[in-house]
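Residue numbers for the sequence shown follow this note's numbering, so the first one is 42 and each next one is one higher. Ideal Cβ positions, reconstructed from N, Cα and C, are used throughout, including at glycine. Fair warning: this is a prediction, and the values are worked out from it, not measured in the lab. Below is one structure; the comments refer to it alone.
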Amino acid sequence: AATAAPVLEVEGLSKHFGGLKAVDEVSFTVTRGGIHALIGPNGSGKTTTLNVLSGLYTPTGGRLRLNGRDITRFAPHQRAGSGLGRTFQNIRLFRSMSALENVVIGAERPGNGIVAHDRASLEARARAALAFVGLEARADEPISSFSYGHQRLVEIARALAGNPVLLLLDEPAAGLNSSEKVALTALLRRMAAKGLTILIIDHDMTLVSDVASHITVLNFGRRIADGVTATVLREPAVIEAYLGQ
Ligand code: ADP
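As structure tokens, this is what we get:
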């Protein structure tokens with residue numbers, strides 16, 4: 042079915058640091074539309090997987106496909122051009138620039154369907170993304186005046202403005218207070234309802250179980266579970282891995 046179209050195919054992915062198998066022959070598929078979470082206890086290989094997906098690390102083995110295209114050897118900017126969007130665990134915004142200017146940078150992603158240098162279209166896309174996260178009214182304010190939680194929303198808007206094929210969210214709940222987490226959960230649900238395809242890397246089980254339809258669980262660099270959220274969270278190996286923390 043069209044709804045099960047693979048967007049990201051991770052096949053036998055490995056990343057070794059000397060003798061340490063940080064990621065060891067991990068496979069999973071993210072299908073179109075909705076939220077897939079990659080979870081696991083501390084040191085299980087989540088960040089390493091994310092760094093291989095975003096092109097920061099060259100894998101020791103395995104293959105990555107985005108919309109059927111082999112991106113295993115693509116540099117980070119080539120992956121962005123192929124439709125990979127991302128946010129960072131530590132927010133990376135230009136603090137002296139306005140929210141709108143930051144989001145315009147995201148809208149400028151190559152391959153985004155906007156004619157290069159069409160400033161009006163870029164700004165319109167950026168304003169729409171800010172509206173989607175609820176910050177349209179503050180578009181022209183400098184980032185330095187935004188709370189940490191709002192900066193995270195601007196970062197998500199910046200990634201959205203690039204119209205990504207797949208959006209990687211690196212620990213989106215990190216550093217948020219409980220009301221900000223509630224707002225983030227609602228936003229993630231609206232993103233999924235809009236048909237966006239999202240891969241969240243997080244250890245926050247509450248957030249993940251609230252928003253993800255599918256989960257892949259890592260432990261000691263290996264995949265220990267993969268599938269529909271409710272089923273995965275009931276698996277003894279998953280419960281044991283988390284209790285062992
Ligand atoms: P997680 O994000 O799930 O906490 P990581 O991917 O950060 O896990 O780490 C997985 C394992 O790989 C850990 O044992 C960690 O110490 C190791 N590791 C991560 N990055 C490096 C690196 N650059 N060099 C050596 N070992 C690393």
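query	result
Rounded to whole angstroms, what's the CA-CA distance from VAL71 to HIS255? Just pull it up for me.	8 Å
Figure out for me which residue from ASN108, THR257, ALA116 and SER85 has the closest Cα to the Cα of PRO100.	ALA116
Excluding five sequence neighbours on each side, which residues of the same chain lie with their C-beta closer than 7 Å to the C-beta of VAL145?	LEU163, GLU164 and ALA167
Is any non-hydrogen atom of the ligand ADP found closer than 6 Å to the C-beta of PHE58, if you look at the structure I gave you?	yes
According to the Cβ coordinates, are LEU54 and GLY103 closer than 7 Å?	yes
Should ALA42 go down as buried or exposed, given a rule of 16 or more other Cβ atoms within 10 Å for buried?	With a pLDDT of only 47 at ALA42, under 50, the local geometry of the prediction cannot be trusted, and no value is derived from it.
Where do the ends of the alpha helix (DSSP H) carrying THR226 lie?	219-234
Would you mind stating whether ALA198 and ALA170 have Cβ atoms separated by less than 7 Å?	yes
Would you give the residue range spanned by the beta strand (DSSP E) that ALA253 belongs to?	Segment: none, ALA253 is in no beta strand (DSSP E) and carries neither H nor E.
Spatial neighbours of ALA161 within its chain, please: CB distance less than 8 Å, with the 5 preceding and 5 following residues excluded, ordered by chain position.	none
Determine the closest residue to GLY260 out of ALA278, VAL93 and ASN108, with distance taken between C-alpha atoms.	The identity of residue 260 in the sequence shown is Asn, whereas the question assumes Gly. Of the listed residues, the one whose Cα sits closest to ASN260 is ALA278.
Using the three-state DSSP reduction, which class does ASN92 fall into: helix, strand or coil?	helix
By the DSSP assignment, the beta strand (DSSP E) with LEU49 in it spans what residues?	47-58
Do you know whose CA, among ALA121, ILE80, MET232 and ILE76, lies nearest LEU97's CA?	ALA121
Please report how far the alpha carbon of ASP245 lies from the alpha carbon of ASN83, in whole angstroms.	11 Å
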